[in-house]
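Structure first, then comments.
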Amino acid sequence: MKNRRWIWFFSLICCSLLAFTSCSSSLDAIANLKAGAGKQFIVLGDSIAEGYGLAQTEAFPSVLSRQLGVPILNKGVSGDTTAMGLARLQKDVLAEEPWLVIVELGGNDFLRIIPIAETEQNLRQIITSIQDKKAIVVLLGINGGAFRGNYYELYQRLAKDTKSYLIPEIFKGILDDTRYRQDDVIHPNAAGQQLLADRIAKELQPLLAKATWPPALLKYKK
């Protein structure tokens, strides 16, 4: 019986080490993780990032900024498709000398029935343009609630191809729950924005711990 317990304990330790090694290795593959370039932490998004129907302080970029203790530029614009986000990328993101950019786009493409191939092309160009500035890209997968279809595979593929950091199914359990969404069913309420920020903060912790922070933001590193 003691031997069995030791075997079980040893197996548990080995599995934990393998999981840690796998997570560590996957983080090492993220583009520009160690570049330490840029000056700004930015969110490029649509009405979700802007905080539609809410005070700006309730939008997830503001909540996330308070949670992480890092200033975050909120570049969310209501109604933006991926094409619109791409059109303002230079002014709103690249000109700001980004270090890390959270990309939250694609929901309006889905609602407007824009061909998914076009959405993919726009997102790919957004991601690679940001990475060309030696910045880290965090991609939010919009699956969940009203946003369904082939988007799960799209974000998985983009993250793998571009070596960006994916937080998948970001709206799952938020937009399909009346406690966390507004009456229009496509926008989080204040509680939903809080939950969204909580989810992103948790997923970002290992990335931020391993990333090389730029001198301009080093004082905020925990």
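Plus 1 on top of the position in the sequence shown (first one is 1) and you've got the numbering used here.
Glycine included, C-beta positions come from ideal geometry on N, C-alpha and C.
Please look up how many angstroms separate the CB atoms of residue i and residue j, rounded, as I've assumed it's under 8 Å.
i	j	result
asparagine 75	valine 104	Rounded, the Cβ-Cβ distance is 13 Å, inconsistent with contact.
alanine 198	glutamine 68	6 Å
leucine 65	alanine 210	No, leucine 65 and alanine 210 are not in contact; Cβ-Cβ is about 16 Å, not under 8 Å.
Could you tell me which of the options sits nearest to residue i, measuring between CA atoms?
i	options	result
isoleucine 175	Ile187, Ser63, Lys164	Ile187
leucine 196	Arg180, Lys211, Val139	Arg180
alanine 50	Lys203, Tyr221, Thr120, Leu106	Leu106
aspartate 184	Leu55, Asp110, Glu97	Leu55
leucine 218	Leu112, Gly70, Ala198, Ile168	Gly70
proline 216	Ala60, Ser27, Ala30, Lys35	Lys35
proline 189	Ile137, Thr83, Glu59, Tyr153	Glu59
glycine 87	Pro169, Ile127, Gln157	For clarity, residue 87 is leucine in the given sequence; the question names glycine instead. The candidate whose alpha carbon is nearest that of leucine 87 is Ile127.
aspartate 110	Tyr53, Asp29, Ile168, Phe148	Phe148
Is the separation between the beta-carbon of residue i and that of residue j shorter than 8 Å?
i	j	result
glycine 39	lysine 173	no
leucine 124	leucine 90	no
valine 78	aspartate 47	yes
proline 99	isoleucine 131	yes
phenylalanine 42	leucine 112	no
Consult DSSP for residue i and reduce its assignment to one of helix, strand or coil.
i	result
glutamate 119	helix
tyrosine 166	strand
proline 215	coil
lysine 220	helix
serine 23	Confidence is the limiting factor: at serine 23 the pLDDT is only 36, short of 50, which leaves the residue's position unreliable, though a coordinate-based value still follows. Serine 23 falls in the helix class under three-state DSSP.
isoleucine 137	strand
valine 102	strand
phenylalanine 172	coil
aspartate 81	coil
arginine 113	coil
isoleucine 31	coil
glycine 86	helix
Considering only DSSP beta bridges, list what residue i is partnered with.
i	result
asparagine 75	Val44
arginine 182	Pro189
isoleucine 127	Isoleucine 127 pairs with nothing; no bridge assigned.
Counting only beta-carbon separations shorter than 8 Å, does residue i have a partner in chain C?
i	result
arginine 158	In summary, chain C is missing from the structure at hand, where a single protein chain is found.
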